[in-house]
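A.B. asks: Below are the structure tokens for one structure; questions will follow.
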Amino acid sequence: MVLDVCICTHNPRRDIFAIVLNAIANQTLSKDAYKVWVIDNCSTPPLTEIDLHPLKNTGINYQIVVEPQLGNLHARRRAVEETTGDLLVFVDDDNELTSHYLETALAIAVHNPNIGCFGGKLLLAPNLSCPKWIEPLLPYLAVRDFGDDIITNLSKHWGEWEPPTAGAGVRRQVLKRYLERLNEIPEALKLGRRGRSGLLSCEDSLMMRGAYDLGLECSYQPSLVLIHHLNPNRFKLLYLLRLMYSYGRSHVILERALGHPFTPVSVREASKIMIDNVKTRDIKNFVHLIGLIAWDLGYFRELRHPPKELASS
Numbered sequence: 590m591v592l593d594v595c596i597c598t599h600n601p602r603r604d605i606f607a608i609v610l611n612a613i614a615n616q617t618l619s620k621d622a623y624k625v626w627v628i629d630n631c632s633t634p635p636l637t638e639i640d641l642h643p644l645k646n647t648g649i650n651y652q653i654v655v656e657p658q659l660g661n662l663h664a665r666r667r668a669v670e671e672t673t674g675d676l677l678v679f680v681d682d683d684n685e686l687t688s689h690y691l692e693t694a695l696a697i698a699v700h701n702p703n704i705g706c707f708g709g710k711l712l713l714a715p716n717l718s719c720p721k722w723i724e725p726l727l728p729y730l731a732v733r734d735f736g737d738d739i740i741t742n743l744s745k746h747w748g749e750w751e752p753p754t755a756g757a758g759v760r761r762q763v764l765k766r767y768l769e770r771l772n773e774i775p776e777a778l779k780l781g782r783r784g785r786s787g788l789l790s791c792e793d794s795l796m797m798r799g800a801y802d803l804g805l806e807c808s809y810q811p812s813l814v815l816i817h818h819l820n821p822n823r824f825k826l827l828y829l830l831r832l833m834y835s836y837g838r839s840h841v842i843l844e845r846a847l848g849h850p851f852t853p854v855s856v857r858e859a860s861k862i863m864i865d866n867v868k869t870r871d872i873k874n875f876v877h878l879i880g881l882i883a884w885d886l887g888y889f890r891e892l893r894h895p896p897k898e899l900a901s902s
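Just so we're aligned, residue 590 is where the sequence shown starts under our numbering, counting upward by one.
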């Protein structure tokens, strides 16, 4: 099985990026068993060979590809188009893989042909001081640990088995289905982050749920562990509220892209649903409460706007 590793990046923090590359360069998997693809998505200044010296110095096969259209979705689509490996492991530009990560990912793919995509534990970097009140929202920042048991499912809705793109291993046939969806559904091109300001997301769910179309499962594999070096600016309350609002919008766009129509609701109906949500949700603290309210506001805002065809792809 041929393995490709892809890092999609836009203006990475150079010190953290060096940690990411060093971790990839020092994997237990044989260096001739994988190739690293770095998708430079409009970085200023652009990435150069100097930035990739950890890979070059250890003899890792790598290639820089420039994707001029800003956005996670466009960068990941470019990665899928450029690579040919049977398995593609996505690594964010702030993800530090544990030393056996790639070897373990390859073994999971080889021994579990029923699994189309999988991910593992995403742990907050130990040097980061996270305020206690943020903890309920950490899963929305791609920090997750669902325990030490494998969770695998074939279900067309979000669950602990569905991996975010950070650290995810995805089979080639699932990646091909992802490209087909992007070509079939222009509305889906709205998904995904765009630089530091555009906070729409869920493009990873669009990718992973392609597994179900092929009769393949998604899986949480706790033997896979990476360290997430989050930017501390993402712990700020205003950022988190913007993020949650965008998640609500993204959910509607995603479900429409997957062929699940929504019926717009009135402001009065939306208000009633939001009040009921406050009563029934397991709310941990005040920040968790207003974060979920922001999610609802984004959801109902997007629900009131019918989908539009995008002019560009």
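Even for Gly, the Cβ is constructed at its ideal location relative to N, Cα and C.
Taking its Cβ as the centre, do 16 or more other Cβ atoms sit within 10 Å of glutamate 769, making it buried, or is it exposed?
C.D. replies: Result: exposed.
A.B. asks: Go ahead and pull the three-state DSSP assignment for glutamate 806.
C.D. replies: It is a strand residue.
A.B. asks: How long is the line joining the alpha carbons of lysine 624 and leucine 743, rounded to whole angstroms?
C.D. replies: Their Cα atoms are separated by approximately 30 Å.
A.B. asks: CA-CA distance, alanine 900 and lysine 779?
C.D. replies: Residue placement at alanine 900 is flagged as unreliable, the pLDDT there being 34, under the threshold of 50; the coordinate-derived value follows with that caveat. Answer to the nearest angstrom: the Cα atoms are 11 Å apart.
A.B. asks: Taking DSSP as the reference, what is the three-state secondary structure of histidine 817?
C.D. replies: Strand at histidine 817.
A.B. asks: Using DSSP with H/G/I as helix, E/B as strand and the rest coil, what is serine 812?
C.D. replies: DSSP places serine 812 in strand when its eight states are reduced to three.
A.B. asks: Leaving out five residues before and five after alanine 622 in sequence, what residues of the same chain have Cβ atoms less than 7 Å from its Cβ?
C.D. replies: The residues are Leu592.
A.B. asks: Drop a sphere of 10 angstroms on the beta-carbon of methionine 590, count the other beta-carbons inside from all chains shown, and report buried for 16 or more, exposed for fewer.
C.D. replies: Classification for methionine 590: exposed.
A.B. asks: Is it true that the CB of glycine 705 sits closer than 8 Å to the CB of leucine 803?
C.D. replies: Yes, these two residues count as a Cβ contact at 8 Å.
A.B. asks: Starting from cysteine 595, follow its DSSP beta bridges and name the residues at the other end.
C.D. replies: Beta-bridge pairing links cysteine 595 to Trp626, Phe679.
A.B. asks: Helix, strand or coil for threonine 673 per DSSP?
C.D. replies: Note: threonine 673 maps to coil in three-state DSSP.
A.B. asks: Determine which residues share a DSSP beta bridge with tyrosine 651 and list them.
C.D. replies: Note: tyrosine 651 sits in a beta bridge opposite Val625.
A.B. asks: Report the option in Leu618, Pro601, Ile605, Asp604 whose CA atom is closest to the CA atom of valine 594.
C.D. replies: Residue Leu618 is the option with its Cα nearest to valine 594.
A.B. asks: Using the C-alpha atoms, what's the distance from phenylalanine 875 back to threonine 687?
C.D. replies: If you take the alpha carbons of threonine 687 and phenylalanine 875, they lie about 35 Å apart.
A.B. asks: Just how far apart, CA to CA, sit alanine 757 and leucine 826?
C.D. replies: Going by the C-alpha atoms only, they are around 28 Å apart.
A.B. asks: So, at 6 Å on beta carbons, what are the nonlocal neighbours of phenylalanine 824 in its own chain, with the 5 sequence-adjacent residues on each side left out?
C.D. replies: Closer than 6 Å at the Cβ level, and outside the excluded window around phenylalanine 824, lie Ile723.
A.B. asks: Look at the Cβ atom of asparagine 684, then the Cβ atom of valine 609, and state whether they are nearer than 8 Å.
C.D. replies: Cβ atoms of asparagine 684 and valine 609: closer than 8 Å.
A.B. asks: When you compare only the Cα positions, how much space is there between serine 839 and serine 812?
C.D. replies: Roughly 30 Å separates the two Cα atoms.
A.B. asks: Kindly indicate which three-state DSSP category threonine 693 falls into: helix, strand or coil?
C.D. replies: Threonine 693 falls in the helix class under three-state DSSP.
A.B. asks: In its own chain, which residues sit with a C-beta less than 6 Å from the C-beta of serine 948, not counting the 5 before and 5 after it?
C.D. replies: As shown, the chain starts at 590 and ends at 902. That puts residue 948 outside it, with no answer to give.
A.B. asks: At which residues does the beta strand (DSSP E) containing asparagine 684 begin and terminate?
C.D. replies: Its beta strand (DSSP E) spans residues 684-686.
A.B. asks: How big is the Cα-Cα spacing for leucine 878 and isoleucine 872?
C.D. replies: Computed Cα separation, rounded: 6 Å.
A.B. asks: What residues match up with isoleucine 740 in a beta bridge as DSSP calls it?
C.D. replies: Its beta-bridge partners are Tyr809.
A.B. asks: What three-state label does DSSP hand phenylalanine 707 in the structure shown?
C.D. replies: Phenylalanine 707 falls in the strand class under three-state DSSP.
A.B. asks: Can you name the start and end residues of the beta strand (DSSP E) that arginine 913 belongs to?
C.D. replies: A query on residue 913 cannot be resolved here, the shown segment of the chain reaching from 590 to 902 and no further.
A.B. asks: Out of Arg845, Tyr836, Asn701, state which residue places its alpha-carbon closest to the alpha-carbon of leucine 805.
C.D. replies: With distances taken between Cα atoms, leucine 805 lies closest to Asn701.
A.B. asks: Are glycine 781 and serine 794 touching if we call contact CB-CB under 8 Å?
C.D. replies: No, the pair does not count as a contact, with Cβ atoms beyond the cut-off.
A.B. asks: Based on DSSP bridge pairs, tell me the residues matched to arginine 733.
C.D. replies: Arginine 733 is bridged to Leu711.
A.B. asks: Among all the DSSP beta bridges, which residues are the ones paired with arginine 783?
C.D. replies: Note: arginine 783 sits in a beta bridge opposite Gly787.
A.B. asks: Quick one: measure Cβ to Cβ for leucine 644 and alanine 607, integer angstroms, because I've assumed they're closer than 8 Å.
C.D. replies: Not a contact, Cβ separation roughly 11 Å.
A.B. asks: So is arginine 798 buried or exposed if we call it buried at 16+ other beta carbons inside 10 Å?
C.D. replies: Buried: at least 16 other Cβ atoms inside 10 Å.
A.B. asks: Which two residues bound the contiguous alpha helix (DSSP H) that contains alanine 777?
C.D. replies: Segment: none, alanine 777 is in no alpha helix (DSSP H) and carries neither H nor E.
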